[in-house]
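Heads up, the thing below is written out as structure tokens.
Numbering (my numbering), first residue to last: 4 to 214.
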């Protein structure tokens with residue numbers, strides 16, 4: 004059974020393959036799991052989605068790259084056109100090297116296992132200044148998987164407060180983070196090596212861990 008966040012994002016990523024096609028509307032129903040009182044309960048959802056391309060060239064600079072290293076919980080180093088650059092992943096925040104030093108290292112190590120060596124496509128918002136971002140903020144796609152989202156889904160990230168988002172992605176990102184928290188994944192888990200967030204820290208992000 005797929006999660007609601009996974010389904011929402013799958014609809015969004017469908018748009019990538021429709022970049023040169025007219026907008027199409029698709030309706031239907033699907034069954035997904037949602038957590039109620041700590042139990043996974045099947046729920047049927049109805050949906051209507053317009054398959055308008057999201058990562059369009061009029062909105063984003065698009066670059067092919069190879070990930071070389073992970074330098075922070077929200078940052079990677081990649082080779083683009085023969086040059087190395089650092090990029091910041093939209094939708095992920097860094098952790099304090101002081102208070103959350105062990106948590107920070109935990110996330111970096113997990114990312115370092117998966118990301119270096121991947122051939123990816125970078126999507127850099129053209130209107131980054133108006134959005135309060137920098138020219139290094141990116142969405143990263145690898146074989147139709149959005150890495151920013153995948154990290155949140157695995158419990159390896161927290162959404163930054165008040166960061167500008169490309170609208171259609173915000174709900175999916177937020178849902179992925181909350182599902183990871185409810186399932187005690189990654190940083191939301193319970194006491195492995197004391198690298199996870201405490202209930203007090205969770206509450207700062209509006210999340211209450213299911214009993």
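Where is the CB? At the ideal position from N, CA and C, for every residue including glycine.
Please name the residue in the options whose C-alpha comes closest to that of residue i.
{"i": "residue 118", "options": "76, 165, 161, 191", "result": "76"}
{"i": "residue 121", "options": "59, 47, 192, 70", "result": "70"}
{"i": "residue 154", "options": "138, 137, 175, 170", "result": "175"}
{"i": "residue 151", "options": "72, 94, 84, 74", "result": "94"}
{"i": "residue 191", "options": "177, 158, 68, 124", "result": "158"}
{"i": "residue 146", "options": "182, 62, 68, 170", "result": "68"}
{"i": "residue 135", "options": "164, 66, 110", "result": "164"}
{"i": "residue 60", "options": "170, 126, 183, 179", "result": "126"}
{"i": "residue 73", "options": "170, 110, 42", "result": "110"}
{"i": "residue 139", "options": "78, 58, 47", "result": "78"}
{"i": "residue 170", "options": "43, 58, 114", "result": "58"}
Please report the straight-line C-alpha distance between residue i and residue j, rounded to a whole angstrom.
{"i": "residue 162", "j": "residue 168", "result": "10 Å"}
{"i": "residue 112", "j": "residue 89", "result": "17 Å"}
{"i": "residue 128", "j": "residue 142", "result": "9 Å"}
{"i": "residue 186", "j": "residue 92", "result": "23 Å"}
{"i": "residue 98", "j": "residue 105", "result": "9 Å"}
{"i": "residue 149", "j": "residue 132", "result": "23 Å"}
{"i": "residue 81", "j": "residue 64", "result": "16 Å"}
{"i": "residue 166", "j": "residue 160", "result": "14 Å"}
{"i": "residue 83", "j": "residue 124", "result": "10 Å"}
{"i": "residue 2", "j": "residue 66", "result": "The requested residue 2 is not part of the displayed model; the chain covers only 4 to 214."}
{"i": "residue 137", "j": "residue 116", "result": "27 Å"}
Mind checking residue i: buried by the 16 CB within 10 Å criterion, or exposed?
{"i": "residue 86", "result": "exposed"}
{"i": "residue 107", "result": "buried"}
{"i": "residue 181", "result": "buried"}
{"i": "residue 178", "result": "buried"}
Quick one: residues in its chain with C-beta nearer than 6 Å to the C-beta of residue i, no 5 flanking neighbours on either side, listed in chain order?
{"i": "residue 144", "result": "124"}
Can you list, in chain order, the residues of its chain with a C-beta nearer than 8 Å to that of residue i? Leave out the 5 residues immediately preceding and following it.
{"i": "residue 130", "result": "62"}
Alpha helix (DSSP H) runs wholly inside the stretch 91-159, at least 4 long, in chain order:
Correct list: 104-117, 150-156.
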